[in-house]
Amino acid sequence: MPDELSRQLVTVAVPRGHGRRRVSEQVIDLSETLLTVQRESRDDALVLRFEGQVDILSAPKMRTELDAAITEADETLVADLTGLTFLGSVGIAELMRVQQQSDAGNIHFVVVAPQFIRRLLDLTGVSSTLDVRATEGDVRA
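Letter 48 of the sequence shown, counting from 1, is numbered 259 in this note's numbering, and no numbers are missing.
Structure, rendered in structure tokens:
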């Protein structure tokens with residue numbers, strides 16, 4: 212369902228002079244505009260840097276990226292959330308799911324989060340399960 216929600220049909224009317232308009236329709240994948248992910252393979256970890264928002268529309272993209280990364284990570288997988296402006300409950304659920312998978316696969320899963328997300332994880336009780344750090348530099352320590 213979220214995958215279907217994230218693709219919206221947009222109709223654009225373009226003036227062409229003399230009152231005529233050309234109308235075009237285009238399907239836009241909103242998850243691509245809401246969330247971007249950069250991947251970096253380091254000697255000590257595989258790092259995914261998320262930017263934008265994680266909500267019901269973009270959570271499938273987060274899931275896809277994390278699923279691919281958990282199979283590729285050797286010892287440590289880092290989800291860097293410092294570029295997020297919003298993390299909804301579906302994003303928190305994805306982090307918990309990946310924590311369970313990483314435990315089963317002997318992968319150290321680390322979440323790097325800005326203060327507002329760390330507070331959210333504290334308030335929901337999730338920070339007691341996840342390894343949450345303030346910066347990527349803290350992961351190396």
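All C-beta atoms in this analysis are idealised placements derived from N, C-alpha and C, irrespective of residue type, glycine included.
Original post:
From L334 to L306, what distance separates their C-alpha atoms?
Top reply: Reading the sequence shown from its first residue, position 123 is the one you call residue 334. Reading the sequence shown from its first residue, position 95 is the one you call residue 306. Their backbone Cα atoms lie some 15 Å apart in a straight line.
**OP:** Report yes if the C-beta distance between L298 and V265 is below 7 Å; otherwise report no.
**Re:** Taking the first residue of the sequence shown as position 1, residue 298 is located at position 87. Taking the first residue of the sequence shown as position 1, residue 265 is located at position 54. It is a contact, given that the beta carbons lie within the stated cut-off.
**OP:** Rank N317, T282, A279, R330 by C-alpha distance to the C-alpha of I303 and give the top, closest one.
**Re:** On the sequence shown, position 92 is the one that residue 303 refers to. Minimum Cα distance to I303 is reached at R330.
Subject >> DSSP state of S252 mapped onto helix, strand, coil >> reply: In the sequence shown, counting from the first residue as 1, residue 252 sits at position 41. If DSSP states are grouped into helix, strand and coil, S252 belongs with the strands.
**OP:** Between the Cα of T296 and those of A256, V350, S269, E251, spot the shortest distance and give me the residue it belongs to.
**Re:** As a working mapping, residue 296 is identified with position 85 in the sequence shown. Selected option, being the one with the closest Cα: S269.
Subject >> DSSP-derived helix/strand/coil call for D266 >> reply: Residue 266 sits at position 55 when you count from the first residue of the sequence shown. D266 falls in the coil class under three-state DSSP.
**OP:** Starting from the Cα of A284, find the closest Cα among E262, F261, I318, A345 and give me that residue.
**Re:** Position 73 of the sequence shown, counting from 1, holds the residue named residue 284. Measuring from the Cα of A284, the nearest candidate turns out to be I318.
Original post:
Around the C-beta of S300, are 16 or more other C-beta atoms found within 10 angstroms, so that it is buried, or is it exposed?
Top reply: As a working note, residue 300 is residue 89 in the sequence shown. It counts as exposed.
**OP:** Look up L334 in the DSSP assignment and say whether it is helix, strand or coil.
**Re:** On the sequence shown, position 123 is the one that residue 334 refers to. Helix at L334.
Original post:
Ordered along the chain, which non-local residues of its own chain (more than five positions away) have a Cβ less than 6 Å from that of E251?
Top reply: Indexing the sequence shown from 1 puts residue 251 at position 40. V258.
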